[in-house]
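In full-length UniProt numbering, the protein residues as written are 1 to 343. All C-beta atoms in this analysis are idealised placements derived from N, C-alpha and C, irrespective of residue type, glycine included. Here's the structure, in structure tokens; my notes come after.
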Amino acid sequence: MSRIVLGIESSCDETGVGLVRLADDGTVELLADEVASSVEQHARFGGVVPEVASRAHLEAMVPTAERAFAKAGLTLSDVDAIAVTAGPGLAGALLVGVAAAKAYAAALDVPLYGVNHLAGHIAVDTLQHGPLPKPCLALLVSGGHSQLLRVDDVASGIVELGSTVDDAAGEAYDKVARLLGLPYPGGPPIDKAAADGNPEAIAFPRGMTGPRDAKFDFSFSGLKTAVARWVEGARRRGEEIPVADVAASFQEAVADVLTAKAVRAATESGIGTLVISGGVAANSRLSALAAQRCAEAGIELRVPRPRLCTDNGAMIAALGAHVVAAGRKPSGLDISANPALPV
Ligand code: KG4
Ligand code: ZN
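Structure representation (structure tokens):
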């Protein structure tokens with residue numbers, strides 16, 4: 001008998017509620033994926049304001065859930081299990097989702113599973129491309145994370161190979177966009193501006209690629225500073241900023257480092273599949289360069305569609321389904337949020 005899993009996500013600025021069907025053979029089908037974003041409320045601050053995000057989650061949680069059930073043609077009583085993001089993320093924001101999930105689980109008397117947000121970003125790919133090969137490699141790049149992960153089992157076995165030592169990749173996009181006078185979040189406008197620019201116009205640094213640097217860690221703050229210096233220099237000289245060239249050159253540096261390290265990690269570990277997820281996976285140059293380098297190295301590349309790459313409830317429902325299928329013990333109603341939850 002198939003089971004319906006409800007997924008609740010509230011780790012950052014997106015209130016997400018997803019519903020999936022877990023079939024007896026382990027396949028997971030997406031039924032609904034409703035997201036309410038508070039991104040516009042944060043735009044004028046140039047980044048997510050935790051208190052504003054928490055309040056927005058409170059207001060959006062129940063209406064978002066109601067929309068998801070309506071879309072799926074289901075009612076609360078159809079739910080067999082609930083998964084919620086327990087971390088990592090913003091403490092106050094996480095608490096809203098955890099409280100909602102507990103309330104639903106208690107009222108419906110169904111098992112509750114606290115799950116890891118990062119694992120959710122990987123599990124979501126199974127909704128589009130089917131079961132993940134074991135092992136596979138995941139490159140997670142968003143406003144909050146930049147990690148290279150070895151995935152032996154998305155429900156229980158993820159090992160971090162490397163992560164950013166400073167800014168996340170998306171954060172670098174957001175900061176550079178601000179320098180160039182482009183709106184927040186910065187990824188989409190930089191991607192757009194870069195289309196008309198020359199990626200070789202400015203040789204920006206490739207962070208953490210020296211012989212003594214940790215092989216699979218990333219660093220983007222030096223790149224951001226280099227862009228800031230370059231832009232300041234041009235302004236001082238009274239020159240007009242060639243926004244398209246700066247955007248294209250910055251974007252090339254980010255895509256170069258991310259894809260080079262991911263392909264190297266896959267090759268050295270003998271892993272044949274790379275999954276790229278998180279908001280930055282939507283970047284046109286990152287996916288193009290990853291496709292080219294993976295093809296050269298004989299690696300299968302899987303990139304979920306942009307809607308699934310950014311934070312959403314479907315990724316948590318999908319991970320919940322894999323956790324249920326793996327027979328994990330439910331978390332119980334006393335779970336709490338853990339802002340620093342490791343993978
Ligand atoms: O996964 P996500 O929606 O939320 C977090 O968990 O952070 O990722 C948001 C980040 C933002 O920093 C945004 O600038 C970036 O993803 N982003 C992009 C693109 N679209 C979104 N970065 C580069 N190119 C894009 N096309
Ligand atoms: Zn995320």
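Tell me the rounded alpha-carbon separation between residue i and residue j.
i                 : j              : result
residue 344       : threonine 267  : A question about residue 344 goes unanswered here, because the residues of the chain that appear run from 1 up to 343.
alanine 321       : glycine 162    : 27 angstroms
alanine 177       : threonine 310  : 19 angstroms
alanine 169       : valine 280     : 7 angstroms
alanine 318       : alanine 244    : 38 angstroms
alanine 326       : asparagine 312 : 22 angstroms
glycine 298       : threonine 126  : 21 angstroms
phenylalanine 218 : alanine 70     : 42 angstroms
lysine 329        : valine 323     : 9 angstroms
glutamate 9       : arginine 236   : 45 angstroms
alanine 103       : serine 77      : 14 angstroms
serine 54         : serine 277     : 24 angstroms
cysteine 12       : valine 48      : 8 angstroms
glycine 89        : alanine 340    : 7 angstroms
Can you round the beta-carbon distance between residue i and residue j to whole angstroms, since I take them to be within the 8 angstroms contact cut?
i             : j              : result
residue 349   : glutamate 160  : Shown here, the chain extends from 1 to 343; a query on residue 349 therefore has no answer.
glycine 46    : isoleucine 316 : About 27 angstroms separates the two Cβ atoms, so there is no contact after all.
aspartate 22  : arginine 3     : The sequence given here has leucine at residue 22, not aspartate. That belief holds up - the Cβ atoms of leucine 22 and arginine 3 are roughly 5 angstroms apart, short of 8 angstroms.
valine 154    : arginine 206   : With 8 angstroms as the limit, valine 154 and arginine 206 do not qualify as a contact, their Cβ atoms being about 30 angstroms apart.
histidine 121 : alanine 93     : About 16 angstroms separates the two Cβ atoms, so there is no contact after all.
valine 98     : alanine 337    : 5 angstroms
Taking 7 angstroms as the cut-off, does the CB of residue i come closer than this to any heavy atom belonging to ligand 2?
i             : result
glycine 278   : yes
histidine 121 : yes
aspartate 25  : no
serine 146    : no
Considering only heavy atoms of ligand 1, does any lie closer than 7 angstroms to the CB of residue i?
i             : result
glycine 187   : yes
glutamate 171 : yes
What first and last residue would you give for the beta strand (DSSP E) that runs through residue i?
i            : result
serine 163   : 157-163
residue 344  : No answer is possible for residue 344: it lies beyond the span of the chain, which begins at 1 and ends at 343.
arginine 302 : 300-302
The alpha helix (DSSP H) that contains residue i, what's its start and end?
i                : result
glutamate 40     : 39-42
glycine 114      : Taken as a continuous stretch (DSSP letters only), glycine 114 belongs to no alpha helix (DSSP H), being part of the beta strand (DSSP E) at 112-116.
valine 257       : 243-269
phenylalanine 69 : 50-72
Going by the DSSP bridge assignment, what does residue i pair with across the sheet?
i             : result
serine 146    : Val141
cysteine 294  : DSSP, once it has assigned bridges, lists no residue as partnering cysteine 294.
aspartate 153 : Gly157
isoleucine 8  : Val17 and Val84
valine 35     : Gly16
glutamate 29  : Arg21
threonine 236 : The sequence given here has arginine at residue 236, not threonine. Its beta-bridge partners do not exist; DSSP assigns none.
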